[in-house]
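Below: the structure, in structure tokens.
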Amino acid sequence: MNFLNLAHQHLLLNHWPIIGTFMGLSLFLIALTARKDYLKKVSLVIFSIVALFAIPAYTSGHAAASLIAAETEAFPEIVETHQGAALMAFLFMQATGAFAWLGLWQFRRDSRPAKWILPAVLFFSVVAAATLALTGNTGGEIRHLEIRPEQETLSFVAAAGTAIFASTQRIVLLPSRWGGTWPILETLHFLGLTLLFATLGLLDLRILGFFKQLPLRPLVRFVPWAIAGFACNLITGMLFFIGMPAFYNYNIDFHLKMFGVVLAGANILLLFCTDAFRECEQLGPNEDAPISAKFLAATSMILVFAVLVLGRYMPFFEESLTPF
Amino acid sequence: MAIPLCLRTIEETSLSMWIRDTPSLFGYWFILTIHAIGMTMLVGASAVLDLRLLGVAPDLPITPLKKLYPMMWTGFWVQVISGLLLIIAFPTKAFTNPLFYAKLGLIAFAMVMMARLKKRIFDDSSLNDEGMMIKGRTLAMWSFVCWIGAMVAGRFLAYTFKYLVYPDDASAKLGQFLDFISRL
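For the record, the sequence lines run as chains A and B.
Heads up: take any position in the first sequence, counting from 1, add 119, and you land on the working numbering.
Heads up: take any position in the second sequence, counting from 1, add 4, and you land on the working numbering.
What follows is the structure, encoded as structure tokens:
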């Protein structure tokens with residue numbers, strides 16, 4: 120097994136968002152009919168986690184496409200159709216994940232989410248499932264000649280995805296005398312990371328036993344700020360990728376960083392947005408957190424710092440992978 | 005305007021050349037990474053304090069946040085040392101960019117705000133949380149704005165520099181020419 124082969128990486132990753140979304144949607148529908156809150160929460164966790172998984176699945180796809188670009192068997196129009204649909208599926212999965220995450224946060228804080236959250240999750244997950252079906256289907260056709268239709272027709276979804284990709288890329292690369300859109304996005308990326316580190320760092324340090332005079336419950340108010348920082352960096356980061364995919368495709372550092380983002384996101388979600396560590400919130404001044412919470416706080420610190428270091432080292436590893 | 009020759013002298017030192025050109029993992033990008041980590045400590049600690057004083061997490065007691073100051077100062081010195089090394093690597097790039105002076109000014113202003121915040125709020129034991137918020141609001145707001153400004157300026161330094169290294173005569177003349185053209 121070759122971990123450094125990006126086409127292989129894409130094959131290992133790309134089934135999870137599809138299967139996960141369909142499983143999450145089925146469970147969500149059961150939860151809504153049965154009116155069971157705990158089932159709703161589990162499906163929201165699934166939606167959030169698969170949205171994170173969709174990030175490396177999408178980014179490794181671009182690398183895989185550039186690897187097979189030279190092959191005659193892979194028709195470029197099929198790859199393009201797949202990529203267009205994949206971007207649409209990615210966007211709808213992220214929207215589903217964002218609303219699911221918000222819903223989980225509200226479940227934990229107020230023990231019930233705002234009225235519009237669950238319908239929004241339902242809407243976006245249904246659209247995500249439909250676009251994912253299209254993505255999986257066209258993706259399969261790239262390698263499986265036996266299921267390939269006689270005539271490939273560019274679907275509306277794929278055309279929309281291709282158009283969104285092209286216009287986003289144009290905006291991200293907009294030049295000007297002082298550098299254009301890119302420096303603005305870089306600045307937002309740094310402001311987002313500082314916000315995330317400031318708020319998440321204080322929460323993690325308190326759980327680990329520093330700043331012990333602080334009670335934990337009021338500190339939890341900083342969680343939405345941390346998630347806002349995370350979301351800001353996810354958006355600006357994806358814009359960087361869409362702007363210059365060729366810069367990231369052959370960068371080992373970038374692919375490692377994407378795994379770090381998935382793990383760090385899942386860690387924050389588990390520690391602060393699910394019921395798993397809810398009792399930890401009752402921690403008063405000078406009280407000690409349970410060892411399990413300390414473990415997750417420590418991994419969360421390590422993961423966000425690993426992501427920061429990998430991010431800062433990115434240019435150093437340009438072209439660290441060679442096309443196979 | 006002539007560029008001071010001492011910048012070229014710094015660039016020609018072995019330390020400067022090593023940071024710029026070494027293929028080692030612990031050269032330029034390592035220092036830049038440390039500079040980013042120091043930033044999260046310095047600006048992160050200040051930002052949390054500012055946000056609390058501006059009304060976020062209103063139930064959080066303010067007095068224990070005094071312990072953020074050692075972290076802030078640690079971050080500050082990490083930034084001074086890593087920043088100096090970055091200047092040694094690219095002195096011409098830094099000193100010929102007006103934005104660099106803006107960044108230093110904003111950092112100095114923000115640090116003065118943080119020091120005054122400590123004196124006026126944390127060293128006054130007669131204040132309760134509400135009194136601290138009223139007394140600290142303006143200082144917190146200004147330091148928060150200055151930190152954002154310093155980060156914006158810092159990030160744009162990578163895109164707005166005029167010379168990466170000390171120019172030889174030909175490229176200096178070209179630079180002056182381009183400068184002249186751009187002002188037309």
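A virtual CB, placed ideally from N, CA and C, is assigned to each residue, including glycine.
In this text, all values refer to a predicted model and were calculated from it rather than measured experimentally.
Output the distance between the C-alpha atoms of residue i and residue j, rounded to the nearest integer angstrom.
i: G384 of chain A; j: M21 of chain B; result: 39 Å
i: Y367 of chain A; j: H374 of chain A; result: 8 Å
i: L327 of chain A; j: A416 of chain A; result: 7 Å
i: R120 of chain B; j: V52 of chain B; result: 16 Å
i: M142 of chain A; j: V240 of chain A; result: 14 Å
i: A214 of chain A; j: W220 of chain A; result: 10 Å
i: K123 of chain B; j: A157 of chain B; result: 28 Å
i: F435 of chain A; j: I354 of chain A; result: 23 Å
i: H134 of chain A; j: A282 of chain A; result: 25 Å
i: A188 of chain A; j: P195 of chain A; result: 7 Å
i: M120 of chain A; j: H201 of chain A; result: In this prediction, M120 of chain A scores a pLDDT of 45, lower than 50, which makes its location untrustworthy; no coordinate-derived value is stated.
i: A162 of chain B; j: R24 of chain B; result: 15 Å
i: F309 of chain A; j: T272 of chain A; result: 42 Å
i: N124 of chain A; j: Y177 of chain A; result: 15 Å
i: S129 of chain B; j: A49 of chain B; result: 22 Å
i: I149 of chain A; j: L158 of chain A; result: 8 Å
i: E134 of chain B; j: T142 of chain B; result: 14 Å
i: L89 of chain B; j: E15 of chain B; result: 12 Å
For residue i, count the other beta carbons within 10 Å of its own beta carbon; 16 or more makes it buried, fewer makes it exposed. Which is it?
i: E190 of chain A; result: exposed
i: F396 of chain A; result: buried
i: T37 of chain B; result: buried
i: G403 of chain A; result: exposed
i: Y105 of chain B; result: exposed
i: L69 of chain B; result: buried
i: D54 of chain B; result: buried
i: A153 of chain A; result: exposed
i: L9 of chain B; result: exposed
i: L499 of chain A; result: This structure cannot settle anything about residue 499 of chain A, because the visible part of chain A is limited to 120 through 443.
i: M76 of chain B; result: buried
i: V426 of chain A; result: buried
i: H263 of chain A; result: exposed
i: E398 of chain A; result: exposed
For chain A, check one thing: does any of its Cβ atoms lie closer than 8 Å to the Cβ of residue i?
i: Y163 of chain B; result: yes
i: W190 of chain B; result: Because chain B in this structure spans residues 5 to 188, residue 190 of chain B falls outside the shown range and cannot be described.
i: T160 of chain B; result: Note that residue 160 of chain B is Phe in the sequence shown, not Thr. So yes, F160 of chain B belongs to the interface.
i: M155 of chain B; result: yes
i: V223 of chain B; result: Here chain B comprises residues numbered 5 to 188, so residue 223 of chain B is not present and cannot be evaluated.
i: A51 of chain B; result: yes
i: M76 of chain B; result: no
i: K71 of chain B; result: yes
i: D63 of chain B; result: yes
i: M118 of chain B; result: no
i: I152 of chain B; result: yes
Could you check what DSSP says for residue i in three-state terms: helix, strand or coil?
i: E16 of chain B; result: coil
i: L221 of chain A; result: helix
i: T215 of chain A; result: helix
i: P334 of chain A; result: coil
i: M363 of chain A; result: coil
i: G63 of chain B; result: In the sequence on display, residue 63 of chain B carries Asp and not Gly. If DSSP states are grouped into helix, strand and coil, D63 of chain B belongs with coil.
i: V161 of chain A; result: helix
i: Y369 of chain A; result: coil
i: Y32 of chain B; result: helix
i: F194 of chain A; result: coil
i: W146 of chain B; result: helix
i: V169 of chain A; result: helix
i: V169 of chain B; result: coil
i: R124 of chain B; result: helix
i: Q270 of chain A; result: coil
i: W235 of chain A; result: coil
Would you say residue i lies against chain B (beta-carbon separation less than 8 Å)?
i: R340 of chain A; result: yes
i: M120 of chain A; result: With a pLDDT of 45 at M120 of chain A, under the threshold of 50, the modelled position of that residue is not reliable, and no figure is offered here.
i: F166 of chain A; result: no
i: L440 of chain A; result: no
i: V380 of chain A; result: no
i: R431 of chain A; result: yes
i: A170 of chain A; result: no
i: W297 of chain A; result: yes
i: L151 of chain A; result: no
i: A347 of chain A; result: no
i: A425 of chain A; result: no
Report yes or no: is there a C-beta of chain D within less than 8 Å of the C-beta of residue i?
i: T37 of chain B; result: Judged by its chain identifiers, the structure shown contains no chain D, and its protein chains are A and B.
Pick out the complete beta strand (DSSP E) segments inside the region 275-307 of chain A, 3 residues or longer, and give them in chain order.
Counting only runs of 3 or more, we get nothing.
So within the region 40-121 of chain B, which uninterrupted alpha helix (DSSP H) runs reach at least 4 residues, ignoring any that extend past its ends?
For the region 40-121 of chain B, whole alpha helix (DSSP H) runs of length 4 or above, ordered along the chain, are 72-93, 95-99 and 102-121.
Report the residue ranges of all beta strand (DSSP E) runs contained in full by the region 404-435 of chain A; include only those spanning at least 3 residues, in chain order.
Here no run is fully enclosed.
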